[in-house]
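Worksheet for the structure shown next.
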Amino acid sequence: MTTLVANRPSADDAVEPRKRRPIKSSYPTWFYIPAGVFYLVLFAVPTFASLYFSLTRWTLFEAEFIGLDNFVQFFSEPMLLRGFTNTFIFGFLTSASKVVLGLLLGVFLTSQLAARGYLRSVVFFPVLVSTIGVGITFKMLMDPFDGVINEALALVGITGPGWLTDPSLALFSIALVDVWKGVGIATLIYIAGIAAIPQEYYEAARVDGANAWHRFWRITVPLVRPATTTVVLLSLIGGLRAFDLIWAMTRGGPGFTSDVIGSVIYKQYQAGFFGLSTAGNVVLFVVVTAIVVPISIWFNRREVER
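Offset between the sequence shown (1-based) and this note's numbering: plus 1215.
Structural data, given as structure tokens:
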């Protein structure tokens, strides 16, 4: 009598096939090398070199280590301290103005307008113009005697002020020109952010009876927060590092009333105080980093929480 034995898996068959381990390759690592080289050459090496030379009294041929004397002198001279204060005023004033005007223009230029494309080009055009050219042009326009702006005000019976010659107005006049030139970038960023908002949100708000102000405040402003973060950071960095427009319009005058750290550093280079000006560069780098990094972290944290 033949006994039928069920087919049973052998011991070899019972062993599960081993999973192949992924072969680690150094191929992706090579893509980091070009970026690393550029970072070292263009950022890391100059940064550490600036830190070293800020502690020295140096010329093109020699360097004498003097410790923190350059920084002590930087904060002890009234002219340098005034430039430090003006840097904060100029940076925060221009940044806040670009955020507010950029958002309002962005909302306006994303509405149903007949000449919407043309108006967008007009708003963005000043960004394409040379900063030095803009500074020289507005220096002529704001001339207290022969400037077009004051002559236009005189036609309606208003005596124009000394836009660039009055110590109390010079810095704010330059800030106004800087906002005119840079608000186009802020507007462009906000246009992109507003265009990305789904229209269903606005339609649902209209159905619920929300007016234009409520739609703007409850939908547009919260949903363009990433654009606001970008505009704030870019505008603040540009404002704190401002130099070319100020130098073209007033060279820090009248007196030192419109000096910022950038113009003070350049004047020290011109006078041959290379170590002192390098210390100013280090201070400017630390100031910009100390302000921008916490603001960036705060904005990013708010976005994650929402």
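Where is the CB? At the ideal position from N, CA and C, for every residue including glycine.
Asked	Found
Going by DSSP, what residues sit across from residue 1271 in a beta bridge?	1280
Contact defined as beta carbons within less than 8 Å: I believe residue 1338 pairs with residue 1408. What is the distance between those atoms, to the nearest angstrom?	The Cβ separation is near 15 Å, so there is no contact.
In whole angstroms, what separates the C-alpha of residue 1329 from that of residue 1336?	14 Å
Just checking my contact of residue 1497 with residue 1266 at CB under 8 Å: how many whole Å lie between their CB atoms?	6 Å
Quick one: what does DSSP say residue 1496 is sitting in, helix, strand or coil?	helix
Any contact of the stretch 1254–1270 with the stretch 1474–1484, i.e. 3+ C-beta pairs under 8 Å?	no
Just reading off the alpha helix (DSSP H) that residue 1418 is part of, what are its end residues?	1414–1422
If you drop the 5 nearest sequence neighbours on each side, which residues of the same chain put their C-beta closer than 6 Å to that of residue 1463?	1347, 1350, 1351
For the alpha helix (DSSP H) that contains residue 1342, what are its first and last residues?	1331–1343
Looking at residue 1405 and residue 1442, is the spacing between their C-beta atoms short of 8 Å?	yes
Which two residues bound the contiguous alpha helix (DSSP H) that contains residue 1428?	1427–1430
In chain order, which alpha helix (DSSP H) runs of at least 4 residues are fully inside the stretch 1430–1492?	1440–1455, 1459–1464, 1476–1486
Within a Cβ cutoff of 8 Å, which residues of the same chain sit near residue 1220, ignoring the five residues on either side of it in sequence?	Model confidence at residue 1220 stands at a pLDDT of 46, short of 50, so the residue's coordinates are unreliable; what they give is reported in the following sentence. Nothing meets the Cβ criterion.
Specify the secondary structure class of residue 1393 as computed by DSSP and reduced to three states.	helix
Candidates 1257, 1292, 1269: which alpha carbon is nearest residue 1282's?	1269
What is the DSSP secondary structure of residue 1399, reduced to helix, strand or coil?	helix
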